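S.K.:
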Amino acid sequence: MSWTEDAVSFRAAIRRSGSGLMITIPVELSQRFLLKEGQELLIYGLSRSGPDLEGALQVYLGYFVVHEKAPALIMRIDVGDKSLRRLQEVVDEVCRKHFPSRTGLRMLSESQVEIELVFGAITPTAIRRLREMSEVEAAASEFEFTLSSAGFKVLEKRIEEKIVEWRVIDPAKLSKAPYKVLEAIRWRWEL
25 MSWTEDAVSF RAAIRRSGSG LMITIPVELS QRFLLKEGQE LLIYGLSRSG PDLEGALQVY
85 LGYFVVHEKA PALIMRIDVG DKSLRRLQEV VDEVCRKHFP SRTGLRMLSE SQVEIELVFG
145 AITPTAIRRL REMSEVEAAA SEFEFTLSSA GFKVLEKRIE EKIVEWRVID PAKLSKAPYK
205 VLEAIRWRWE L
């Protein structure tokens, strides 16, 4: 994997601070990367020789990890003599209407499947508004009805809060998210 350079760059000056030297990170970059005072980081000295010798400092922040608390609908389904393909079609139909942020389908036995739909604000491509519990309950009822209508037997249905870990979210997306979304998530840079 290669690094992607941000389009905006800043000029800065090195200043003395006690017996060390200091560089100020512009507010735009600190907001873009959600930096916090006291955060640990690594600094590497880099050089390359071409026609001239060049030098650089790389500030390595680490891996950006986000934990989101989100409601999840978990259903245990008896497939019976119906096909898994038909079950997947029903799940896809419900997902197109209610847009869960994550879906999972797991075989428990030859005839039982567990389906998990997480209704979070974070998706791999966007940040959405938080879902009200009443919206998740309505989606659960509709999903149960759709499954029963298609001939599947719902053995168990429950809604619980899950902590979902995301490791592919750009901090710039979170920095622009509404405040209410930020209340449901925690993030950190992990070295």
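Numbering (our numbering), first residue to last: 25 to 215. For each residue, glycine too, the CB sits at the ideal point set by N, CA and C. None of the values given here were measured: they were computed from a predicted structure.
1. Buried or exposed: which applies to residue 190, given that a residue is buried once 16 or more other Cβ atoms fall within 10 Å of its Cβ?
2. Taking the alpha carbon of residue 193 as the point to measure from, which residue in 185, 203, 148, 162 has its own alpha carbon closest?
3. In three-state terms, what does DSSP make of residue 207?
4. Use the C-beta contact count for residue 90: other C-beta atoms within 10 angstroms, 16 or more gives buried, fewer gives exposed.
5. I'd like to check one pair, residue 84 with residue 171: are the Cβ atoms closer than 9 Å?
6. Within 10 angstroms of the Cβ of residue 123, are there 16 or more other Cβ atoms? Answer buried if so, exposed if not.
7. Please name the residue in 99, 57, 117 whose C-alpha comes closest to that of residue 129.
8. Between residue 94 and residue 142, is the Cβ-Cβ spacing less than 9 Å?
9. Run through DSSP, which three-state label would residue 134 get?
10. Which same chain residues end up closer than 6 Å to residue 167 when comparing Cβ atoms and leaving out the 5 residues on each side of it in sequence?
11. Look at the Cβ atom of residue 56, then the Cβ atom of residue 196, and state whether they are nearer than 9 Å.
12. Considering only the beta carbon of each residue, do residue 121 and residue 176 sit closer than 9 Å?
13. Around the C-beta of residue 179, are 16 or more other C-beta atoms found within 10 angstroms, so that it is buried, or is it exposed?
14. Going by DSSP, what residue range makes up the alpha helix (DSSP H) through residue 53?
15. Work out the CA separation of residue 151 and residue 79 for me, nearest whole Å.
16. Does residue 66 pass the burial test, meaning 16 or more other C-beta atoms within 10 Å, or should it be called exposed?
17. Are the CB atoms of residue 135 and residue 115 within a distance shorter than 9 Å?
18. Throw me the rounded Cβ distance for the residue 34 and residue 53 pair, which I believe falls under 8 Å.
19. Can you find the residues in the same chain that come closer than 7 Å, C-beta to C-beta, to residue 181, ignoring five residues on each side of it along the sequence?
M.R.: Taking the structure as given:
1. Here residue 190 corresponds to residue number 166 of the sequence shown, with the count starting at 1. Classification for residue 190: buried.
2. Mapped onto the sequence shown, residue 193 falls at position 169. Looking at the Cα atoms, 148 is the closest of the given residues.
3. Position 183 of the sequence shown, counting from 1, holds the residue named residue 207. The answer is coil: DSSP assigns residue 207 none of H, G, I, E or B.
4. Counting from 1 along the sequence shown, the entry for residue 90 is found at position 66. Burial call: buried.
5. Here residue 171 refers to the residue found at position 147 of the sequence shown. Here residue 84 refers to the residue found at position 60 of the sequence shown. No; because the gap between Cβ atoms is not below 9 Å, this pair is not in contact.
6. Translated into positions along the sequence shown, residue 123 becomes position 99. Label assigned to residue 123: exposed.
7. As a working note, residue 129 is residue 105 in the sequence shown. For residue 129, the nearest C-alpha among the options comes from 99.
8. Numbered from 1 along the sequence shown, position 70 holds the residue referred to as residue 94. Numbered from 1 along the sequence shown, position 118 holds the residue referred to as residue 142. Against a cut-off of 9 Å, the Cβ pair of residue 142 and residue 94 comes out as a contact.
9. Position 110 of the sequence shown, counted from the first residue, corresponds to residue 134. Coil.
10. Counting from one through the sequence shown, the residue named residue 167 turns up at place 143. Result list for residue 167: 118, in chain order.
11. Position 32 of the sequence shown, counted from the first residue, corresponds to residue 56. Position 172 of the sequence shown, counted from the first residue, corresponds to residue 196. Yes. Within cutoff.
12. As a working note, residue 121 is residue 97 in the sequence shown. As a working note, residue 176 is residue 152 in the sequence shown. Taking 9 Å as the Cβ cut-off, residue 121 and residue 176 do not qualify as a contacting pair.
13. Here residue 179 refers to the residue found at position 155 when the sequence shown is read from its first residue. Result: exposed.
14. The residue you call residue 53 lines up with position 29 of the sequence shown. Unbroken alpha helix (DSSP H) run through residue 53: 51-56.
15. Within the sequence shown, the letter at position 55 stands for residue 79. Within the sequence shown, the letter at position 127 stands for residue 151. Approximately 38 Å, taken between the alpha carbons.
16. The residue given as residue 66 occupies position 42 in the sequence shown. Per the 10 Å Cβ criterion, exposed.
17. The count along the sequence shown starts at 1 and reaches residue 115 at position 91. The count along the sequence shown starts at 1 and reaches residue 135 at position 111. At a Cβ-Cβ threshold of 9 Å, residue 115 and residue 135 do not count as neighbours.
18. Taking the sequence shown and counting its residues from 1, one reaches residue 34 at position 10. Taking the sequence shown and counting its residues from 1, one reaches residue 53 at position 29. With 8 Å as the limit, residue 34 and residue 53 qualify as a contact, their Cβ atoms being about 7 Å apart.
19. The residue given as residue 181 occupies position 157 in the sequence shown. Cβ-Cβ distances below 7 Å link residue 181 to 99, 164, 168 in the same chain, with the five nearest sequence neighbours on each side left out; the list follows chain order.
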